[in-house]
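Please read the structure below before turning to the comments.
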Amino acid sequence: MAERPAKRSRRVRSEASPSPDRVTDAFKLPASQPKPQGDKSQGEQLIAPRAQPRMEQLTKSEWFEKYRLKELADAEVFYKANWVDSKTANAWLKELNELSEWYRPKLKVYGRDITQSREIAAYSTSPILTLKYSGHPVEIHSPFPRLLQEIADRLSNEDCLGNEVGFNHCMLNRYQSGAIHLGKHHDNLENKVIVTVSLGAARTFILERKKPRGSKQATLSARGPADTPSPKLKSSYDSDSQHKKIILGNGSLLVMQGYTQHNYTHEIPKERRIKDPRISITFRQLIN
Ligand SMILES: O=C(O)CCC(=O)C(=O)O
Ligand SMILES: [Fe+2]
Numbered sequence: 007m008a009e010r011p012a013k014r015s016r017r018v019r020s021e022a023s024p025s026p027d028r029v030t031d032a033f034k035l036p037a038s039q040p041k042p043q044g045d046k047s048q049g050e051q052l053i054a055p056r057a058q059p060r061m062e063q064l065t066k067s068e069w070f071e072k073y074r075l076k077e078l079a080d081a082e083v084f085y086k087a088n089w090v091d092s093k094t095a096n097a098w099l100k101e102l103n104e105l106s107e108w109y110r111p112k113l114k115v116y117g118r119d120i121t122q123s124r125e126i127a128a129y130s131t132s133p134i135l136t137l138k139y140s141g142h143p144v145e146i147h148s149p150f151p152r153l154l155q156e157i158a159d160r161l162s163n164e165d166c167l168g169n170e171v172g173f174n175h176c177m178l179n180r181y182q183s184g185a186i187h188l189g190k191h192h193d194n195l196e197n198k199v200i201v202t203v204s205l206g207a208a209r210t211f212i213l214e215r216k217k218p219r220g221s222k223q224a225t226l227s228a229r230g231p232a233d234t235p236s237p238k239l240k241s242s243y244d245s246d247s248q249h250k251k252i253i254l255g256n257g258s259l260l261v262m263q264g265y266t267q268h269n270y271t272h273e274i275p276k277e278r279r280i281k282d283p284r285i286s287i288t289f290r291q292l293i294n
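Residue numbering for the sequence shown is 7 to 294, as defined by the working numbering.
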């Protein structure tokens, strides 16, 4: 298949090692732009105006208590099934399917051009934000479409994550069937809060503790080009605190924050028996 790189088991380089295909899943200010100073510099801010992000926990304490996956050490991961009912989730899926910004990025992986099998559509609250992965400058549209803004506002509501959590970026991923996957990776370490709303077919999400630096399997990191085949899943793990499989159901909400990206990778593996599509909406609160 044209879109796959030659090798099945790809060693994704550690963050420290520079590499031409290193995935720079990072928002960057154009060089001439000043760094955001906080709530007052509204015009140049990269963070959502309503929030001044901190490294400590951002979600409301009720969330922390109730939905945290406590078994995952050194991570802050929350999962709420049925955050919205299936009727709402299906209506959102239908509306988002019709957006005109969907496309399949062309990536360069080990010098080869591949077209990503997963479609994406990306939005930001400010046109100055840029994003690259696998050398591909992501097409970002601004502002958020009405529905995505409505969902973002719901998330920042006091009875959900709370108004300290705001978002300046949103990425949609469309997995047409279980044959489409997202390889093992971590997201940009500067992301303080990453919120994923799942619509459509339920898909497995695997969080796996990174191996200590220098150990044989410490090389998985960075946002893997989506079409890079995942390394074979291990059949056994050191302990339950080292990995977690979550079935991301229709209308569910997953939140990752704190040091999760430093300590864990995540992936959506292939599940060929799944024939229906899934769209994930990933909101981020980015700080440069
Ligand atoms: O589709 C998902 O749930 C995962 C998305 C993800 O990990 C990403 O966009 O970095
Ligand atoms: Fe991710």
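Cβ atoms here follow ideal geometry from the backbone N, Cα and C, with glycine treated the same way.
With a cutoff of 7 angstroms on beta-carbon distance, G141 and K114 are scored as near each other. Here A95 is near L205, since their CB atoms are less than 7 angstroms apart.
Annotation: the continuous beta strand (DSSP E) that includes I126 extends over E125 to S130.
The straight-line gap separating the alpha-carbon atoms of I120 and L188 is approximately 15 angstroms.
In this structure, the straight-line span from the alpha carbon of R152 to that of R219 is close to 43 angstroms. Note that the C-beta distance between A127 and W108 is below 7 angstroms. Shortest Cα-Cα distance from L254 to any of R284, N103 and Q263 involves R284.
Annotation: Q248 to S130 spans about 33 angstroms, alpha carbon to alpha carbon.
Under the criterion of beta carbons closer than 8 angstroms, Q291 and G172 qualify as touching, at roughly 6 angstroms. Ranking T271, V203 and K281 by CA distance to the CA of K86 puts V203 first. Under DSSP, C176 shares a beta bridge with Y129 and F289. Secondary structure remark: continuous beta strand (DSSP E) runs of at least 3 residues inside the stretch 151 to 212, in chain order: 175 to 181, 188 to 191 and 199 to 206. Short note on S92: C-beta not closer than 6 angstroms to any heavy atom of ligand 1.
In the DSSP assignment, K100 falls within the alpha helix (DSSP H) that extends over S92 to N103.
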